[in-house]
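Okay, so here's the structure we're looking at.
Written as structure tokens, this is what we have:
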């Protein structure tokens with residue numbers, strides 16, 4: 123078969139040749155790995171000769187790379203957000219942007235009024251539902267029918283400080299926003315963001331003196347002292363409470379110390395002062411840093427740093443952002459470490475309310491927030507949640523955070539995206555939060571409800587609580603057990619976790635021990651006496667196991683006087699052993715009691731430790747349980763019997779009742795333990811240890 127003659131190429135005009143970009147080979151020539159010839163005017167010679175379509179894939183053509191600066195990109199995205207809803211921005215691909223532009227081009231013009239003229243017939247009448255369908259669907263309102271109940275329909279409002287504030291479902295702002303959306307044509311707006319007033323953003327600007335006065339008085343010690351205080355903070359506080367990632371904190375600290383033009387916020391400076399106050403806590407007979415070689419003496423004391431932080435509290439409240447939550451949380455922790463319990467309770471309440479305004483309790487974030495920033499905010503929220511419970515439980519005050527599923531929907535922080543840092547073990551925060559929630563439920567079931575319902579405590583509630591604690595203990599991973607081979611920086615976290623668990627067990631069972639000692643003659647029923655004896659034994663066994671943990675922490679030098687937890691846990695053990703020795707004499711109990719007093723005497727005397735050590739020594743002396751001894755102290759950790767100090771699997775606690783609350787608990791609720799409903803303890807007691 124004769125091949126068709128290819129068309130002749132046109133002659134070039136006279137003059138210098140015009141350079142043209144080489145034509146990309148068609149798909150057929152690419153397959154044959156030959157050069158595509160004669161395709162300038164249409165199909166190439168080979169495709170014409172074969173009578174097939176000559177196709178060129180433009181997608182595979184290499185395009186030049188254009189570098190865009192980060193600033194240009196950020197401003198471009200901000201400009202795009204003015205026209206595209208934020209929920210459509212995460213997948214910013216060329217195809218998605220093209221689809222958005224096509225959809226906007228096809229949409230009706232914004233100038234068309236969305237409301238039909240009065241008396242005009244609507245273009246599309248909604249279909250009428252049959253009678254049976256109306257009857258079946260009228261009893262409830264679907265999610266699509268109630269836009270106010272949908273978080274994605276108007277739950278954030280932008281204020282004058284460029285911060286997004288959360289708006290609850292019962293707010294009139296949500297209703298106004300939903301009505302506004304319903305009365306307008308669909309347009310390039312984000313339905314999640316409530317549009318501001320025509321007159322501008324709220325709140326109004328604050329007076330200048332509030333914003334500038336504290337900047338003039340800002341004081342920072344030298345770098346050596348700063349790093350010493352920060353290291354002490356991460357060693358003693360960070361294993362329990364997460365406020366900053368190491369990378370974030372030290373980056374901000376370097377900019378603050380080295381860059382004079384770095385703008386310091388009131389919240390960040392307040393947080394620094396709180397950290398300096400915690401790090402500078404020392405016994406009165408020692409300087410703030412004189413005991414550390416190579417560290418110069420600090421001219422400021424912990425009290426002065428605390429005063430600086432308190433003076434910034436008004437400016438911190440004005441900022442009301444995530445850094446303000448951190449600042450008030452640290453301020454509460456610092457106030458409590460220096461024995462200002464009521465002020466600590468008030469400041470943590472402020473931190474919680476700022477977190478509410480940011481939507482942290484509902485896991486709500488603007489789409490501009492990065493994944494790492496979201497995880498940081500979640501971790502800060504659960505730290506504030508922990509502190510809120512601990513500060514409130516000291517005196518039995520209500521918590522600011524309500525323990526309801528509908529009230530709090532924040533998920534745990536992901537440790538894949540954000541590592542908790544070198545001083546906090548993986549999974550520690552989530553496990554500690556579950557213990558707090560369990561502790562709140564136990565308090566409600568075994569203390570609050572019986573107190574307000576005639577003083578009757580069903581024994582099955584005690585059994586269920588002990589069983590729930592045993593189930594929690596089974597979920598503790600191996601790397602969080604106190605007697606496991608742990609990195610040095612994780613030993614404090616694991617030890618305190620188990621002390622919290624055991625203190626929780628003691629808080630449930632110590633009323634039975636107290637009743638057995640103080641009013642043993644009132645227990646006449648054999649079944650009731652057996653029940654009391656079993657629960658009293660559980661209380662004493664928990665105290666013995668706490669001695670094991672305290673011994674380990676003392677040997678590894680992870681006990682601290684900066685927080686109340688350490689000396690409070692030892693105080694719990696002391697009171698249990700005082701009652702146990704009143705119940706029956708035991709040389710082992712006496713040895714462990716002396717060991718606890720010896721441990722307290724060796725801790726640094728400042729803060730709570732300075733206050734409670736003389737009190738415990740006086741109470742032991744008044745009890746007379748150690749009469750005949752030459753002294754109350756003098757027992758080392760090696761003198762503990764082997765059957766007590768040996769390794770044993772344990773758990774953790776979250777009962778932060780006051781160390782002097784045992785007797786008050788019984789006296790104020792004298793009828794609480796008078797009568798018990800029948801129940802079995804055997805299944806629950808087996809799970810405690």
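Residue numbers (my numbering): 123 to 811. By construction, the Cβ of each residue, glycine as well, lies at the ideal position given by its N, Cα and C atoms. All values reported here derive from a predicted model rather than from experimental measurement.
Within 9 Å, strictly: CB atoms of residue i and residue j
i: residue 542; j: residue 555; result: no
i: residue 813; j: residue 393; result: Here the chain covers residues 123 to 811 and nothing more, so residue 813 does not appear.
i: residue 459; j: residue 506; result: no
i: residue 721; j: residue 676; result: yes
i: residue 618; j: residue 591; result: no
i: residue 683; j: residue 544; result: no
i: residue 468; j: residue 499; result: no
i: residue 483; j: residue 450; result: no
i: residue 494; j: residue 365; result: no
i: residue 553; j: residue 598; result: yes
i: residue 508; j: residue 363; result: yes
i: residue 387; j: residue 445; result: yes
i: residue 178; j: residue 221; result: no
i: residue 401; j: residue 438; result: no
i: residue 466; j: residue 447; result: no
i: residue 434; j: residue 462; result: no
i: residue 839; j: residue 588; result: Outside the shown range of the chain, which is 123 to 811, sits residue 839, and nothing can be said about it.
i: residue 581; j: residue 689; result: no
i: residue 526; j: residue 563; result: no
i: residue 604; j: residue 674; result: yes
i: residue 431; j: residue 453; result: yes
i: residue 397; j: residue 355; result: yes
i: residue 157; j: residue 171; result: no
Selected residue, minimal CA-CA separation from residue i, among the options
i: residue 358; options: 435, 175, 403 and 339; result: 403
i: residue 747; options: 726, 629 and 707; result: 707
i: residue 558; options: 613, 568, 617 and 623; result: 623
i: residue 628; options: 657, 600, 641 and 651; result: 657
i: residue 513; options: 536, 456 and 496; result: 456
i: residue 376; options: 349, 365, 395 and 530; result: 349
i: residue 485; options: 174, 709 and 287; result: 287
i: residue 702; options: 526, 611 and 632; result: 632
i: residue 640; options: 705, 398 and 602; result: 705
i: residue 370; options: 461, 497 and 439; result: 497
i: residue 391; options: 417, 423 and 429; result: 429
i: residue 602; options: 434, 671 and 653; result: 671
i: residue 612; options: 679, 383 and 587; result: 679
i: residue 616; options: 749, 381 and 668; result: 668
i: residue 520; options: 470, 492 and 538; result: 470
i: residue 749; options: 614, 540 and 709; result: 709
i: residue 718; options: 423, 728, 744 and 681; result: 681
i: residue 487; options: 531, 524, 453 and 454; result: 531
i: residue 518; options: 382, 504 and 569; result: 569
i: residue 406; options: 582, 524 and 731; result: 731
i: residue 492; options: 539, 452 and 202; result: 539
i: residue 635; options: 432, 655 and 164; result: 655
i: residue 345; options: 384, 593, 339 and 420; result: 420
i: residue 347; options: 373, 417, 361 and 195; result: 417
i: residue 427; options: 339, 378 and 155; result: 339
Practice task
Indicate whether the contact test is met: 3 or more Cβ pairs, each with one atom in the segment 656-671 and one in the segment 695-708, closer than 8 Å.
Solution key: Yes: at least three Cβ pairs fall under 8 Å.
Exercise for the section: Any chance you could list the alpha helix (DSSP H) runs of at least 4 consecutive residues sitting entirely within the segment 538-589, in chain order? Expected result: Segments of the alpha helix (DSSP H) lying fully in the segment 538-589: 550-565.
Problem - Cβ pair count under 8 Å reaching 3, the segment 645-655 against the segment 704-718 - result: They do not touch, by the three-pair rule.
Handout entry: Segments assigned alpha helix (DSSP H), at least 4 residues, entirely inside the segment 448-536
Key = With a minimum length of 4 residues, the continuous alpha helix (DSSP H) runs that stay inside the segment 448-536 are 463-480 and 493-515.
Problem - Inter-stretch contact (C-beta, 8 Å, three-pair minimum) for the segment 684-694 and the segment 731-749 - result: These segments touch.
Practice task
Tell me the start and end of each unbroken alpha helix (DSSP H) in the segment 695-747 that is at least 4 residues and wholly inside, in chain order.
Solution key: The segment 695-747 contains these whole alpha helix (DSSP H) runs: 709-724 and 729-745.
Problem - Complete beta strand (DSSP E) runs within the segment 364-424 (minimum length 3 residues, chain order) - result: Entirely contained in the segment 364-424, not one beta strand (DSSP E) run reaches 3 residues.
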